[in-house]
Structure formats: structure tokens, C-alpha cells
């Protein structure tokens, strides 16, 4: 039995009554108070915010007994550490539980050394305001996946603990259960041998450069799988194809996965200064308009164009698409011109 009620604007009290005996307290509360993660409820138990029949209960592993009544007092979320910043955002979808944003280039997702402000998290704290109910007890957006700073496109962020947990489960499954789907558009150097293919190569942090990811032996890294499809090819001066527009679908979600995988098969993304070095000769084959468009791109030519998932609260399937940003669209027009 779960009877949630808000007593005032400062605290929330939730009650749960045990019908059967034997279940661990923390698991019992997760099952009855589904809007909170297990880690969050364990923290509340340790903090003395759970009462059993009027007495404080701090034993996470206590076996509940039939007829016991538990009251969980949830304090208001703590203010987020990142400061709110009024940064313009393109909102694709938003409700009480989550928000989908079409991220522009140059916007880092989460504060980190060197990027303490000016991030998507800072922007969302300002935009969402009071609608952030708190992730793990902190009034902040819940990041369940990321895009590189200079990769554009769709990203979903949780606004509540319940949504954060549900989305995290879907991203952890990487689409194997059919709930999650992610598709990218990328412009790569050259043309893959086959019009469709699968890149299955394990990834790990590079031992020679810790800022980079590298393809490694399966025993050393984490499995990573990227499916690709050639949508269009571009010729330089009417000669051999010099670049391709690809649709890329992730079966796993590793850091820099698409960029590393395409570099691994010899077709790195145009504009990728980290994984696409060594293609100056190819750039010189481009016509003047295409060279100018590539210079104007100033980043890897990668866009998160498709995102679909099951809403973690309503159970409804949501699907979104994002058109190519102007810089990638301009590059394609220039490449088509030869």
C-alpha cells in the first residue's frame, strides 16, 4: 500500500504498510515508493528519516513484518551546486518528468574541470526552475546520456528521480530490449566498402593519450557496436567519391564511439581534429566552396538526429527527429556541388 501525500511546501511524507513479512526494508520501500531510487531511499534511512510504527529505523537490511507501517520524511531538494544560467535552448518536448533538447554545437553537457559554467546543466537549472523535483535529493537535472561538446542534436534529461531511474535503465540496455533507439547523421571521408555494415570493436581509454579513446582487444575494453548505412556519396570535381553522408545507429553508448569507430575503419568524420587527422590531402581535393564550408564547420560533422524511448512514467513511446544543423547542411550542399 502506498499513500503519498505532501504535508506542506517544505517536506513530503510518504507511507507504506507491509502486507507480508521477510523483505529487506530498502527493497520494500523501493517497491512501494517507486518515484525514488534505492540509493536515495537508503540515504534517507541512514539519515533517520524513516520511521517504523513511530520509531526511527536506520537498519537498511531489516526484514519487514506484516502489519508494520513505515513513514518516510523527504526533505526538500538541496539547491543545485551548478548555478542557473540563462542560456537559450531549443526545447523539443517537456513535461513534469523529463525534457528533450536539441543541443547546439559548442555546448558542454555537464560541468567539469575547465567547464564549470556555461553548460547544458546550468541552462536547464535556470529553465526548469521549480519543476526540478530533485535527483538524489539535489535539485538538478538527471543526465542519462551525453553528447560531445561539438556534436549537435537530441538529448533527453530527467527532471525527477523516477524518470531518471527509468531512463537510466533504458540507456543501460542500449536498445537491446527495443525501448531505446538512437540515430546519428555523420559526414565521413571516403566511402565504406559496403553500403551497410556493422562496426564491432571494443573501446577503452588510450594508454598513450588519456584524453582519447582507442580500439583495443576485447579483453581490455568494453564492447562497442555501431551500425552504419551510406545515404549519399560526394565526388570531388567529378572524380572519385571523396566523402559520404552516413546514418549511424548505436547498439552501445561508449564515449566517442561513433568518432573512434569511423576512424578505425578508415573513414573518420570530416572536421574531427581528434580522430580524423591525416586527411589533409582529401581536403585539398574539395572544391573551393566545400573547403570553405568545412572550415566554417569547425567541428566534427556529427548530429544526433533520431531519439526514441518509452516514457518512464506514462509508458508511452516517444520518438523525435532533428534536421541537420545549418553548418552541416551547408557542407552537404557544397559537397554536392563538387
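Residue numbers (the working numbering): 791 to 1128. The C-beta atom is built at its ideal place from N, Cα and C for all residues, glycine as well. Because the structure is a prediction, the values reported are computed rather than measured.
Query: Would you grab the beta carbon distance between residue 1115 and residue 1093 for me? Rounded to a whole angstrom, and I think it's under 8 Å.; Result: 6 Å
Query: Comparing C-alpha positions only, which one of 822, 964, 848 and 895 sits nearest to residue 1041?; Result: 964
Query: How far does the beta strand (DSSP E) with residue 841 in it reach, from first residue to last?; Result: 840 to 842
Query: Can you look up residue 959 in the DSSP assignment and give me helix, strand or coil?; Result: helix
Query: At the level of alpha carbons, what is the spacing between residue 796 and residue 961?; Result: Annotation note: pLDDT 38 at residue 796 (below 50); position unreliable, coordinate value reported separately. Spanning the two alpha carbons is a distance of roughly 31 Å.
Query: So, at 8 Å on beta carbons, what are the nonlocal neighbours of residue 953 in its own chain, with the 5 sequence-adjacent residues on each side left out?; Result: 887, 888, 932, 1102 and 1103
Query: Give the straight-line distance between the Cα atoms of residue 939 and residue 895, rounded to the nearest whole angstrom.; Result: 6 Å
Query: Anyone know if the C-beta pair for residue 1129 and residue 941 falls short of 8 Å?; Result: The structure shown does not extend to residue 1129, since the chain is modelled only from 791 through 1128, so no value can be given for it.
Query: Quick check on residue 845: does DSSP put it in helix, strand or coil?; Result: strand
Query: Roughly how many whole angstroms lie between the Cα atoms of residue 1108 and residue 843?; Result: 42 Å
Query: Of all the options 872, 828 and 857, which has the alpha carbon lying nearest to the alpha carbon of residue 851?; Result: 828
Query: Let me know the beta strand (DSSP E) ranges lying completely inside the segment 1059 to 1098, each 3 residues or longer, listed in chain order.; Result: none
Query: Whose CA, out of 883, 1022, 1024 and 1003, lies closest to the CA of residue 1014?; Result: 1003
Query: Ignoring anything shorter than 4 residues or poking outside the segment 927 to 1003, list the alpha helix (DSSP H) runs there in chain order.; Result: 951 to 963
Query: If distances are taken between C-alpha atoms only, which option among 804, 1088 and 991 comes closest to residue 1062?; Result: 1088
Query: By how many angstroms is the C-alpha of residue 857 removed from the C-alpha of residue 890?; Result: 43 Å
Query: Among 832, 946 and 1080, which residue has its Cα nearest to the Cα of residue 977?; Result: 1080
Query: From which residue to which residue does the beta strand (DSSP E) around residue 1039 run?; Result: 1031 to 1040
Query: Name the one or two DSSP bridge partners that residue 1123 has.; Result: According to DSSP, which records beta bridges pairwise, residue 1123 is partnered with nothing at all.
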